[in-house]
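As structure tokens, the structure follows; a few thoughts come after it.
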Amino acid sequence: MEKFIISGGNPLKGEVSLGGAKNVALKICVASLLTDEELVLHNVPHISDVEAMLEVLKSLGVTVTLQGSSVRIKRGPIIHISVPLELGARLRTSSMVIGPLLARFGKATIPNPGGCRIGARPIDRHIEGLRRMGAAIEYVSTDGFFHASSTGLHGITYTFGKNTHTGTETLILAAVLAEGKTVLKNSAEEVEIDDLIGCLVKMGARIKRTALREITIEGVSRLRGTEYAIMPDRNEEVTFAVGAMVTGGEIVVVNSQQRHLSSFFDALDRAGGGYEKLSDTKTRYFKPQYLLATNIQTARHPGFMTDWQAPWAVLMTQATGESTIHETVFESRFSYVSELKKMGAEIDFFDPEVGDPASFYNFNWADRVEGYHQGIRIHGVTKLHNAILTMDDLRAGATLVISALAASGQSYLQGVEQIDRGYEKIEVRLTVLGAHIQRIKEEI
Ligand code: EPZ
Numbered sequence: 001m002e003k004f005i006i007s008g009g010n011p012l013k014g015e016v017s018l019g020g021a022k023n024v025a026l027k028i029c030v031a032s033l034l035t036d037e038e039l040v041l042h043n044v045p046h047i048s049d050v051e052a053m054l055e056v057l058k059s060l061g062v063t064v065t066l067q068g069s070s071v072r073i074k075r076g077p078i079i080h081i082s083v084p085l086e087l088g089a090r091l092r093t094s095s096m097v098i099g100p101l102l103a104r105f106g107k108a109t110i111p112n113p114g115g116c117r118i119g120a121r122p123i124d125r126h127i128e129g130l131r132r133m134g135a136a137i138e139y140v141s142t143d144g145f146f147h148a149s150s151t152g153l154h155g156i157t158y159t160f161g162k163n164t165h166t167g168t169e170t171l172i173l174a175a176v177l178a179e180g181k182t183v184l185k186n187s188a189e190e191v192e193i194d195d196l197i198g199c200l201v202k203m204g205a206r207i208k209r210t211a212l213r214e215i216t217i218e219g220v221s222r223l224r225g226t227e228y229a230i231m232p233d234r235n236e237e238v239t240f241a242v243g244a245m246v247t248g249g250e251i252v253v254v255n256s257q258q259r260h261l262s263s264f265f266d267a268l269d270r271a272g273g274g275y276e277k278l279s280d281t282k283t284r285y286f287k288p289q290y291l292l293a294t295n296i297q298t299a300r301h302p303g304f305m306t307d308w309q310a311p312w313a314v315l316m317t318q319a320t321g322e323s324t325i326h327e328t329v330f331e332s333r334f335s336y337v338s339e340l341k342k343m344g345a346e347i348d349f350f351d352p353e354v355g356d357p358a359s360f361y362n363f364n365w366a367d368r369v370e371g372y373h374q375g376i377r378i379h380g381v382t383k384l385h386n387a388i389l390t391m392d393d394l395r396a397g398a399t400l401v402i403s404a405l406a407a408s409g410q411s412y413l414q415g416v417e418q419i420d421r422g423y424e425k426i427e428v429r430l431t432v433l434g435a436h437i438q439r440i441k442e443e444i
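Shown next, in the form of structure tokens:
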């Protein structure tokens, strides 16, 4: 096991270049199964989730060659149609291979991705759509696998019951080679989906957003290989931006994803947060004179992204007054709160009044567990101090890193493997910005 030792109190200063977006790289790797030709991807982040996805592809018979931040992926002579259980358990998105495997080989066996730290995260919306496209899918609880087969997927007009980012992507990946036209209504608008669409169109797919929350796909007979550069990771940008502000520093993101961060900028405007758009691609983030308490509510795109609420909570510990965060996408995304409270943050839970929670919340209301809360109140300003912290999930982990950077004293953070899932060489990049952070192997 590895941990970070962080000595806080040093402002982050300098230039940041964002890595390739994790939540695009993973899906474009899945898209490689749609062709026998070589797919060359650039700006692929060296993170453990991508390594796990490449292992999944190799377990299916695909050959993978890494060259710096580029990856060459080519289908091998054989293709297996089953994802090993241990790989599926390591990576939720491995279940997304079901679409391409059904589309090309008429069979797929995928492990139930199961829940994780942020909630039950079922794939019922994915499975329902695939069944409507003609797949027979059975979940066998005794082996923990979905067993799927189809004699040929056909296009459908399908309306998602609720927003699903990867559910939309799974049906796109199944529809590109299906017979006829597919129209996906109430489909997700997250920008990572548009990067996946961009790559699929370069491969010869016929896809376009035909109306708000509507995607139309004309099935084609085959797709070709191509080269594609993955967009920078906007979630990284929010993490570094908040890190600069809470450490009293100043950074410039040189490949800024400004056009995909409008709800983040809106919240910063309300809080008096420090940012300046230096050009179309450069954004400066800095510590403002003081921050105002601000209420945010997470939502599907183009709302305030759920992945940003944890770092935002750290920012609000430095804002004057009482702020609230209402999490509406996942049912259990406050694992970092107990850790922030160890550092002196004053946070309590509450349950915001909503009309009909079953339709209001994006998660399946039946998945909620007694004791979960959807809201937190943050009282600022509180001076954060060092603590021994445990990182429970990817975004919570990044949040605890930036809070330890802002805190006084030396903090110990366990669970570094969570960070490595989505942030490439985070300690190296933070050290360059002036952070005192060390990765040490823990004697077991
Ligand atoms: C994607 O998760 C991202 N992950 C998440 O980022 C992101 O927070 C989320 O979209 C929202 O944008 C990847 O792209 C790999 P959803 P996804 O399907 O697709 C429930 C990160 O840190 N639901 O939009 O799983 C679900 O449990 C990760 O990078 C069902 O109940 O999100 C959740 O509560 C975290 N049944 C809500 O809906 C389904 O079939 C939204 O899920 C599908 C989803």
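First residue of the sequence shown? That's 1 in my numbering, and the numbers climb one at a time after it. Just so it is clear, CB atoms sit at the ideal spot from N, CA and C, and this is done for glycine as well.
Query: Burial state of Gly355 (16 or more Cβ within 10 Å); Result: exposed
Query: The ligand EPZ heavy atom lying under 6 Å from the CB of Glu23; Result: The residue you asked about is not Glu; residue 23 is Asn in the sequence shown. Asn23: yes, Cβ under 6 Å from the ligand EPZ.
Query: Closest by C-alpha distance to Tyr412, when choosing among Arg270, Leu394 and Arg439; Result: Arg439
Query: Straight-line Cα distance separating Ile47 from Leu212; Result: 33 Å
Query: Cα-Cα separation, Met245 to Gly273; Result: 8 Å
Query: Stretch pair the segment 118-132 + the segment 78-85: three plus CB contacts closer than 8 Å; Result: no
Query: Contact test: Ile123 Cβ vs the ligand EPZ heavy atom, cutoff 6 Å; Result: yes
Query: 6 Å CB neighbourhood of Arg300 in its chain, flanking five on each side removed; Result: Asn163
Query: Where Gln458 falls, given that 16 or more other Cβ within 10 Å makes a residue buried; Result: Nothing about residue 458 can be read from this structure; the chain reaches only from 1 to 444.
Query: Close beta carbons around Ala387, own chain, < 7 Å, minus the five adjacent residues each side; Result: Lys342, Met343 and Ser411
Query: Contact set for Val24: own chain, Cβ-Cβ below 7 Å, skip 5 residues either direction; Result: Glu192, Asp195, Leu196, Ile230 and Met231
Query: Segment limits, beta strand (DSSP E) that includes Asp49; Result: Per DSSP, Asp49 belongs to no beta strand (DSSP E); it is in the alpha helix (DSSP H), Ser48 to Ser59.
Query: Buried or exposed (CB count within 10 angstroms, at least 16 for buried), Asp348; Result: exposed
Query: C-beta contact flag for Leu291 and Gln318 at 7 Å; Result: yes
Query: The segment 394-412 contacting the segment 1-16, beta-carbon criterion three pairs below 8 Å; Result: yes
Query: N- and C-terminal bounds of the alpha helix (DSSP H) containing Gly88; Result: Leu85 to Arg90
Query: Member of Pro302, Lys185 and Gly152 whose CA lies at the smallest distance from the CA of Phe105; Result: Gly152
Query: Candidates Ser187, Ser408 and Leu394, of which the one nearest Lys22 by Cα; Result: Leu394
Query: Assigned secondary structure, Glu276 (DSSP; H/G/I helix, E/B strand, else coil); Result: strand
Query: Best match in Asp367, Asp307, Ala366 and Ala435 for proximity to Glu236 [C-alpha to C-alpha]; Result: Asp307
Query: Start and end residues, beta strand (DSSP E) containing His42; Result: Leu39 to His42
Query: Sub-7 Å separation of Leu87 and Ser94 beta-carbons; Result: yes
Query: Check: Glu190 C-beta below 6 Å from any heavy atom of the ligand EPZ; Result: yes
Query: DSSP-derived helix/strand/coil call for His126; Result: helix
Query: Span of the alpha helix (DSSP H), counted from its first residue to its last, around Gly461; Result: Absent from the structure is residue 461, since the part of the chain shown begins at 1 and ends at 444.
Query: Identified DSSP bridge partners for Asp348; Result: Arg377
Query: Neighbour-count burial assignment, Ile172, 16 or more Cβ in a 10 Å radius; Result: buried
Query: Where Phe145 falls: helix, strand or coil (DSSP); Result: strand
Query: Boundaries (first-last residue) of the alpha helix (DSSP H) holding Pro100; Result: Ile98 to Phe105
Query: CB-CB length for Ile156 against Met133, believed under 8 Å; Result: 5 Å
Query: Residue range of the unbroken beta strand (DSSP E) whose run includes Ile215; Result: Glu214 to Glu218
Query: Between the CA atoms of Arg421 and Gly76 - distance to the nearest angstrom; Result: 27 Å
Query: Three-way DSSP call (helix, strand, coil) for Arg209 in this model; Result: strand
Query: Straight-line Cα distance separating Val56 from Val64; Result: 11 Å
Query: Three or more C-beta pairs below 8 Å linking the segment 177-190 and the segment 199-214; Result: yes
Query: Proximity to Glu128 [Cα-Cα], best of Phe146, Thr142, Ser141 and Gly114; Result: Phe146
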